[in-house]
Amino acid sequence: MVVAERKPIEEILAMVADFKKVLLVGCKGCVTVCCAGGTKEVGILGSALRIARKKQGNPLEVVEHTLERQCDPEYVDQLAPMLAGNGFDAVLSMACSVGPQFIAKKYTIPVYPMLNTTFIGGALEHGVWAEFCQSCGNCIIHNFGGLCPIARCSKSLMNGPCGGSANKKCEVSPEIDCIWHLIYDRMVELGQLEKLRPVFPIKDWSTSRDGGPRKIVREDLKL
Amino acid sequence: MKAGSNLEKVFTQGHFAVTGELGPPRGASVEVIEKKAGYLRGVVDSINVTDNQTSVVRMSSVAVCKLLVDMGLEPNLQMVCRDRNRIAMQSDLLGAYALGIRNVLCLSGDHNRFGDHPQSKNVFDVDSMQLISIVKKLRDEGKMLSGQELEGVPKFFIGAAANPFGDPFEFRVTRLAKKIDAGADFIQTQCIYNMEKFRKYMHIAHEEGLTEKCYIMAGITPLKSVGMARYMANFVPGLDVPDYYINRLKGVDKKKQADEGIKIAVEQIQEVREIPGVKGIHLMAIEWEHKVPEILQAAGLLPRPSVN
Numbered sequence: 128m129v130v131a132e133r134k135p136i137e138e139i140l141a142m143v144a145d146f147k148k149v150l151l152v153g154c155k156g157c158v159t160v161c162c163a164g165g166t167k168e169v170g171i172l173g174s175a176l177r178i179a180r181k182k183q184g185n186p187l188e189v190v191e192h193t194l195e196r197q198c199d200p201e202y203v204d205q206l207a208p209m210l211a212g213n214g215f216d217a218v219l220s221m222a223c224s225v226g227p228q229f230i231a232k233k234y235t236i237p238v239y240p241m242l243n244t245t246f247i248g249g250a251l252e253h254g255v256w257a258e259f260c261q262s263c264g265n266c267i268i269h270n271f272g273g274l275c276p277i278a279r280c281s282k283s284l285m286n287g288p289c290g291g292s293a294n295k296k297c298e299v300s301p302e303i304d305c306i307w308h309l310i311y312d313r314m315v316e317l318g319q320l321e322k323l324r325p326v327f328p329i330k331d332w333s334t335s336r337d338g339g340p341r342k343i344v345r346e347d348l349k350l
Numbered sequence: 108m109k110a111g112s113n114l115e116k117v118f119t120q121g122h123f124a125v126t127g128e129l130g131p132p133r134g135a136s137v138e139v140i141e142k143k144a145g146y147l148r149g150v151v152d153s154i155n156v157t158d159n160q161t162s163v164v165r166m167s168s169v170a171v172c173k174l175l176v177d178m179g180l181e182p183n184l185q186m187v188c189r190d191r192n193r194i195a196m197q198s199d200l201l202g203a204y205a206l207g208i209r210n211v212l213c214l215s216g217d218h219n220r221f222g223d224h225p226q227s228k229n230v231f232d233v234d235s236m237q238l239i240s241i242v243k244k245l246r247d248e249g250k251m252l253s254g255q256e257l258e259g260v261p262k263f264f265i266g267a268a269a270n271p272f273g274d275p276f277e278f279r280v281t282r283l284a285k286k287i288d289a290g291a292d293f294i295q296t297q298c299i300y301n302m303e304k305f306r307k308y309m310h311i312a313h314e315e316g317l318t319e320k321c322y323i324m325a326g327i328t329p330l331k332s333v334g335m336a337r338y339m340a341n342f343v344p345g346l347d348v349p350d351y352y353i354n355r356l357k358g359v360d361k362k363k364q365a366d367e368g369i370k371i372a373v374e375q376i377q378e379v380r381e382i383p384g385v386k387g388i389h390l391m392a393i394e395w396e397h398k399v400p401e402i403l404q405a406a407g408l409l410p411r412p413s414v415n
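Listed below in C-alpha cells is the structure:
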C-alpha cells in the first residue's frame with residue numbers, strides 16, 4: 128500500500144492561518160490502513176486545528192468528511208454538494224498526494240495536503256511501516272530471492288553488498304537492514320546462491336519515473 | 108597491454124606495484140594539489156584521485172587527474188556511481204581519456220547521507236560492477252552502452268575496489284570474482300588491519316584462480332594515532348581494526364604514536380607481500396601524504412621501477 132504520515136501540526140497551522148472555514152477530507156483507502164488519513168485521523172486533526180485556533184482567539188470552522196477513496200473521480204465527485212456555496216476557503220486532504228490532486232482537478236478551490244506520502248510498503252509490526260517497493264515498473268525481485276535491492280538497498284546495488292555492509296546493517300544507519308545480507312542469507316536458504324554469481328545486467332530505467340510520468344491504459348476495461 | 112599505463116607496465120613486467128592516493132581540496136586551490144603531489148612524485152607508480160570521497164564536495168577528480176598529468180605524474184581516476192548516470196559516466200570517461208588519463212577505478216561511492224550535502228539527490232543508475240562493464244565495453248568493443256560506435260576508443264586500465272572485511276564474508280570473494288568477470292584488471296582493497304582475515308580471503312581467491320586473472324593490491328592506511336585507530340574501528344562501516352593495534356598505539360607515548368603507526372604500516376606491507384596473489388599495495392595515507400616516502404623507504408619499496 129501507499130504509506131503516508133501526517134505533516135507536523137505547526138506546518139498545517141501555518142498553511143491554514145488565513146482561513147476561517149475548511150473542509151477536511153479523509154480517505155478510506157491505503158491511508159486508513161496505515162493510520163494516517165482515515166475517519167479517525169480526520170477527527171483527531173479536526174479537533175487539534177479547532178483547539179489551536181480557538182486558543183489563538185481566531186476560530187477555524189472545520190467540516191469533516193471521509194471519502195471511500197480520493198484516487199477515483201466517482202468518489203471525489205461526491206464532494207460537489209458540500210463545496211457548492213458553503214463558504215469554504217480551502218479543502219484539506221488527508222489522502223496520499225493523489226487525493227489533493229484529484230480534488231484540485233475537479234474543483235476551483237485551493238487544496239492542501241495534510242500528509243507526506245512516504246513510500247510503497249507494508250507494516251512490520253503494529254505502528255511500524257517500511258519501504259518495500261520503488262515502483263520501478265519492471266519487477267526483478269525473483270532474481271534476489273524475492274527481496275528488492277532497488278528499493279531496499281540505499282544504493283540500489285544489483286550485484287551484492289557494498290563495502291559498508293557490517294553486522295547485517297547498512298552503512299547509512301544501524302536502523303536499516305543490509306538487504307544484500309538478507310538476500311545472501313535467503314539464497315543460501317533456498318540453495319540458490321549460484322544465481323547471484325553472474326553479473327546482473329544494467330537496468331533499464333525507462334519503465335521507472337525516469338521515462339517520464341507513467342500511465343497504464345487497459346483497453347479491455349475502458350467503457 | 109590493454110592500456111599501456113605506467114601501472115599496467117609495472118604489473119606486466121613483474122614488479123610489486125605501489126599506488127598512492129591524493130584527496131582533492133575543498134576548493135579551487137591548485138597549490139594544495141601541487142604540494143600533495145610533490146610528496147608522491149617518484150615514490151608511487153600511480154596516484155589515485157578520489158571522487159568526492161565521503162560525499163564531501165571537492166575539486167573534480169577528472170580535473171585533478173589532468174593537473175597530475177600536466178605535472179608528469181600518472182593518475183588513477185576514481186569514479187563513483189553516486190553522482191553520475193550512465194550518460195555522464197561515459198561522457199566523463201571519454202573526456203578523461205582525451206586528457207591523458209589511463210587508469211580508472213570504478214566504485215559505488217559512499218552514500219550521500221554521510222557528506223556535506225545530505226539533502227542531495229543520489230543517482231546510482233548503475234552499480235560499481237556495471238560501471239566496470241561500461242569501461243570495458245568502451246575499451247574492448249569500441250562502443251557505447253547504446254551500441255554507438257566510438258570516434259576514438261578510450262583504452263583504460265580498469266580497476267575496482269574490494270572490501271574483504273565487509274559482511275557477509277562468505278560472499279566477498281564472489282564479489283571479487285564478479286568484478287573480474289565484469290572486466291576489472293586490477294583490484295585495490297579496503298584498508299587492511301585484520302591480517303588473519305585478509306589471508307583467509309586471499310587464500311580462497313587464490314584457490315579459485317582469481318589471483319591469476321587480475322592484479323590484487325592490498326590497501327594500507329597508516330594509523331596516525333590511537334584516536335584515529337579508534338575512529339577507524341568504531342565509525343567506519345566495513346572496517347576491521349583489531350584491538351592489538353589500538354593497544355599497541357596506546358602503549359607508546361603520545362608523541363611517538365605517529366612513529367609507531369608508521370612502524371605498523373611497514374610491518375603490514377611486509378606481511379601482505381608474503382601473501383600469495385598480492386601484487387602490490389595501495390597506500391592511502393589520509394592527509395598524511397608527506398609520510399609516504401618515509402613509509403615506502405622503510406618498507407624497501409624504493410626506488411620505483413622505471414618501465415617502458
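Read top to bottom, the protein sequences are chains G and U.
My numbering puts the first residue of the first sequence at 128, with every later residue one more than the last.
My numbering puts the first residue of the second sequence at 108, with every later residue one more than the last.
Beta carbons are placed, not taken as given, at the ideal position from N, Cα and C, and that holds for glycine.
| query | So what does DSSP say about U:G202, is it helix, strand or coil? | reply | Working through the second sequence from its first residue, we reach residue 202 of chain U at position 95. Helix.
| query | Is the number of C-beta pairs between the region 202–217 of chain U and the region 170–190 of chain U that are closer than 8 Å three or more? | reply | yes
| message | Quick check: U:G273 and G:A293, are their CB atoms within less than 8 Å of each other? | response | Numbered from its first residue, the second sequence carries residue 273 of chain U at position 166. Numbered from its first residue, the first sequence carries residue 293 of chain G at position 166. At a Cβ-Cβ threshold of 8 Å, U:G273 and G:A293 count as neighbours.
| task | Taking G:N270 as the reference, give the member of G:M285, G:C263, G:A257 with the closest Cα. | result | Counting from 1 along the first sequence, the entry for residue 270 of chain G is found at position 143. Residue G:M285 is the option with its Cα nearest to G:N270.
| Would DSSP call G:L133 helix, strand or coil? | Walking along the first sequence from the start, residue 133 of chain G turns up at place 6. With the sequence shown as reference, residue 133 of chain G is identified as Arg, and Leu is not the correct amino acid for it. Strand.
| message | Can you give me the C-alpha to C-alpha distance between G:M267 and G:D337, rounded to a whole angstrom? | response | Reading the first sequence from its first residue, position 140 is the one you call residue 267 of chain G. Reading the first sequence from its first residue, position 210 is the one you call residue 337 of chain G. Residue identity differs from the one stated: residue 267 of chain G is Ile in this sequence, not Met. Cα-Cα distance, rounded: 17 Å.
| task | Please report the Cβ distance between U:I154 and U:L129, rounded to the nearest whole angstrom; I am assuming they are in contact, meaning their Cβ atoms lie under 8 Å. | result | The count along the second sequence starts at 1 and reaches residue 154 of chain U at position 47. The count along the second sequence starts at 1 and reaches residue 129 of chain U at position 22. At roughly 5 Å, the Cβ-Cβ gap stays under 8 Å, so U:I154 and U:L129 are in contact.
| message | Tell me the rounded alpha-carbon separation between G:L309 and G:S300. | response | Counting from 1 along the first sequence, the entry for residue 309 of chain G is found at position 182. Counting from 1 along the first sequence, the entry for residue 300 of chain G is found at position 173. Roughly 16 Å between the two C-alpha positions.
| query | Taking only beta-carbon atoms, is G:K295 less than 8 Å away from chain U? | reply | Looking up residue 295 of chain G in the first sequence gives position 168. Yes, G:K295 counts as interfacial toward chain U.
| In this structure, what does DSSP give as the bridge partners for G:D304? | Position 177 of the first sequence holds residue 304 of chain G. BP columns for G:D304 point to G:K296.
| field | Residue from U:D232, U:A110, U:A291 with nearest C-alpha to G:D331 | value | Translated into positions along the first sequence, residue 331 of chain G becomes position 204. Taking only the C-alpha atoms, the option nearest G:D331 is U:D232.
| field | Rounded straight-line distance, which links the Cα of U:V230 to that of G:P328 | value | Position 201 of the first sequence, counted from the start, is the residue given in the question as residue 328 of chain G. Position 123 of the second sequence, counted from the start, is the residue given in the question as residue 230 of chain U. So the alpha carbons of these two residues sit roughly 17 Å apart.
| task | Within the region 253–282 of chain G, note down every full alpha helix (DSSP H) run reaching 4 residues or more, in order along the chain. | result | 276–279
| task | Please determine, among G:I277, G:Q197, G:N213, the residue with the shortest C-alpha to C-alpha distance to G:P227. | result | Residue 227 of chain G sits at position 100 when you count from the first residue of the first sequence. Here the closest residue by C-alpha is G:Q197.
| query | DSSP beta-bridge partners for U:K250? | reply | As a first step, residue 250 of chain U is located in the second sequence; it is residue number 143 there, counting from the start. Answer is U:E256, bridged to U:K250.
| field | Distance between U:V137 and U:D360 (C-alpha atoms, nearest Å) | value | In the second sequence, residue 360 of chain U corresponds to position 253, counting from 1. In the second sequence, residue 137 of chain U corresponds to position 30, counting from 1. Using only the alpha carbons, I get a separation of about 37 Å.
| Does the beta carbon of U:V233 sit closer than 8 Å to a beta carbon anywhere in chain G? | To locate residue 233 of chain U, count along the second sequence from 1; it is residue 126. Chain G, which has a Cβ nearer than 8 Å to the Cβ of U:V233, makes this yes.
| task | Spell out a yes or no on whether the region 310–321 of chain U and the region 281–289 of chain U are touching, meaning 3 or more CB-CB pairs, one atom from each, closer than 8 Å. | result | Touching, yes, given that three or more Cβ pairs across the two stretches are closer than 8 Å.
| Quick one: what's got a C-beta closer than 8 Å to U:F118's C-beta in the same chain, skipping five residues either side? | Reading the second sequence from its first residue, position 11 is the one you call residue 118 of chain U. Result list for U:F118: A124, F293, Y322, K386, G387, in chain order.
| field | Closer than 9 Å at the beta carbon, the chain U residues around G:G291 | value | For the purposes of this step, residue 291 of chain G is identified with residue 164 of the first sequence, where counting begins at 1. By Cβ distance, chain U contributes S215, D217, H218, N270, G273, V343, P344, G345.
| said: Measuring CB atoms only, is the region 360–374 of chain U touching the region 329–344 of chain U, in the sense that at least three cross pairs come out at less than 8 Å? | reply: Flag = yes, the region 360–374 of chain U and the region 329–344 of chain U touch.
| query | If we count the other Cβ atoms within 10 Å of its Cβ and call it buried at 16 or more, is U:G266 buried or exposed? | reply | For this step, residue 266 of chain U is matched to residue 159 along the second sequence. So U:G266 counts as buried.
| said: Rounding to the nearest angstrom, what Cα-Cα distance links U:L409 and U:V150 in this structure? | reply: Locating residue 409 of chain U in the second sequence gives position 302, counting from the first residue. Locating residue 150 of chain U in the second sequence gives position 43, counting from the first residue. Their backbone Cα atoms lie some 7 Å apart in a straight line.
| field | 6 Å CB neighbourhood of U:Q56 in its chain, flanking five on each side removed | value | Outside the shown range of chain U (108 to 415) lies residue 56 of chain U, about which nothing can therefore be said.
| What residues from chain G crowd round U:A416, counting only those whose CB sits closer than 9 Å? | With chain U running from 108 to 415 in the structure shown, residue 416 of chain U is simply not present.
| field | C-beta contact flag for G:V152 and G:S262 at 8 Å | value | The residue given as residue 152 of chain G occupies position 25 in the first sequence. The residue given as residue 262 of chain G occupies position 135 in the first sequence. For G:V152 and G:S262, no; Cβs fall outside 8 Å.
| Where U:N301 and U:D347 are concerned, what is the direct C-alpha to C-alpha distance, given to the nearest angstrom? | Taking the second sequence and counting its residues from 1, the one referred to as residue 301 of chain U is at position 194. Taking the second sequence and counting its residues from 1, the one referred to as residue 347 of chain U is at position 240. Whole-angstrom Cα-Cα distance: 6 Å.
| task | Could you tell me whether any Cβ in chain G is nearer than 8 Å to the Cβ of U:R191? | result | Taking the second sequence and counting its residues from 1, one reaches residue 191 of chain U at position 84. The C-beta of U:R191 comes no closer than 8 Å to any C-beta of chain G.
| Reduced DSSP secondary structure (H/G/I, E/B, other) of G:E188 | Sequence index remark: in the first sequence, residue 188 of chain G carries index 61 (1-based). DSSP places G:E188 in strand when its eight states are reduced to three.
| query | By Cβ distance, which residues of its chain are closer than 8 Å to U:L180, with the 5 residues on each side in sequence left out? | reply | Residue numbering aside, residue 180 of chain U sits at position 73 when the second sequence is read from its first letter. Counting only Cβ-Cβ distances below 8 Å, and skipping sequence neighbours, we find A144, L147, R148, I154.
| What residues of chain U sit near G:V299, judged by a beta carbon separation below 7 Å? | Against the first sequence, residue 299 of chain G aligns to sequence position 172. Those within 7 Å of G:V299 in chain U are H218, R220.
| message | Could you tell me which whole beta strand (DSSP E) segments of length 3 or greater appear in the region 224–258 of chain G? | response | 238–240, 242–252
| query | Out of U:D247, U:P225, U:P344, which has the shortest C-alpha to C-alpha gap to U:N270? | reply | For this step, residue 270 of chain U is matched to residue 163 along the second sequence. Selected option, being the one with the closest Cα: U:P344.
| request: With DSSP collapsed to three states, give me the class of U:E381. | output: For the purposes of this step, residue 381 of chain U is identified with residue 274 of the second sequence, where counting begins at 1. Three-state result, U:E381: coil.
| Nearest-angstrom Cα separation, counted from G:S335 out to U:E277 | In the second sequence, residue 277 of chain U corresponds to position 170, counting from 1. In the first sequence, residue 335 of chain G corresponds to position 208, counting from 1. Cα-Cα distance, rounded: 33 Å.
| request: Using a threshold of 8 Å, state whether the C-beta atoms of G:E132 and G:A163 are closer than that. | output: By one-based count along the first sequence, residue 132 of chain G stands at place 5. By one-based count along the first sequence, residue 163 of chain G stands at place 36. Contact flag set, yes.
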